[in-house]
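Position one of the sequence shown corresponds to residue 6 (my numbering), numbered consecutively onward.
Input: a single structure, listed below in structure tokens.
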Amino acid sequence: MKKIIIETIKKFIFNNTPFGAPSYSYNLEPIQLSEIIVSIEKIKDLKGSICEIGVARGMTSRFICEHLEIQNYEEKLYCIDTFTSFEKEDIEFEIKNRKKNKKDLIGFSYNNFKKWKKNFAKFDFVKPIKTDVKKFDFKSISPIKLVILDVDLYKPTLIALNNLKECMVSGGIIMVDDVKDNNMWDGAYQAFNEFVKSNSYEYKIVGNKCGIINF
Ligand SMILES: C[S@@+](CC[C@H](N)C(=O)[O-])C[C@H]1O[C@@H](n2cnc3c(N)ncnc32)[C@H](O)[C@@H]1O
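Below is the structure:
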């Protein structure tokens, strides 16, 4: 009886309100999400952790958790963020040196480290780290085999890439989001291009904005 009532309510809601309409809540394109899973599979026999840098409320982190849990993998997933939005000096750099507008660079201040950790508490392989990525010592979590770097701005992207390169295992992969010119977040694009050029790394672009480097 209870089930019939619930089904009737669901039917009413689906037919008469916008609540049943599916939405796409990911920041990354479908091709990027699929590339993450393909990469995890490709390097599943390598020793090392997975690291998402810039996690916001954790949509992509949660997506990765689902895969690691279903496959019963034992990798740790390090989730690095300030959990308070962008660093003041990174924003100032964008305004002074990259001609961006302060009002466009607002976001993610809703985040809360305590709440985030609570939301992921059931995944004991998730290791949240609250820090400015520019100051983080990646040696403390190395070896690293897969990185998803998504901090939008020039300075944290470039400094993270430079600090990560010594900690990547041979065969490891770094994926950078927002590798696309002429938009609010093209600091990541500039940093990625400078990094691959100065280190003579080969790279590929997947979809519209995902830069990938194989180590
Ligand atoms: C676009 S969001 C990440 C979205 C997430 N990867 C996803 O797919 O849902 C960018 C995140 O980078 C974080 N961030 C920006 N600058 C940072 C820094 N210097 N250190 C650590 N995190 C930073 C912000 O707090 C924000 O949560």
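Quick reminder that beta carbons are idealized off the backbone N, C-alpha and C, glycines included.
query: How would you call S54, buried or exposed, if buried means at least 16 neighbouring beta carbons within 10 angstroms?
result: buried
Supposed close pair K135, D86 - CB separation, criterion 8 Å: 7 Å
field: Cα-Cα separation between S175 and S205, rounded to whole angstroms
entry: 16 Å
- prompt: Where does S54 fall in DSSP's three states?
  reply: strand
query: Quick one: complete alpha helix (DSSP H) runs, 4+ long, within the stretch 165-219?
result: 191-204
- request: Pick helix, strand or coil for Y29, following the three-state DSSP scheme.
  value: coil
message: Considering only their Cβ atoms, is the gap separating K160 from F98 smaller than 7 Å?
response: yes
field: Buried/exposed call for A165, threshold 16 Cβ in 10 Å
entry: buried
message: Give me, in chain order, the residues of the same chain whose beta-carbon lies closer than 6 Å to that of F113; leave out the 5 immediate sequence neighbours on both sides.
response: Excluding sequence neighbours, F113 sits near A61, S90.
- prompt: How about L154 and V181: are their beta carbons less than 7 Å apart?
  reply: Yes, the Cβ-Cβ distance between L154 and V181 is below 7 Å.
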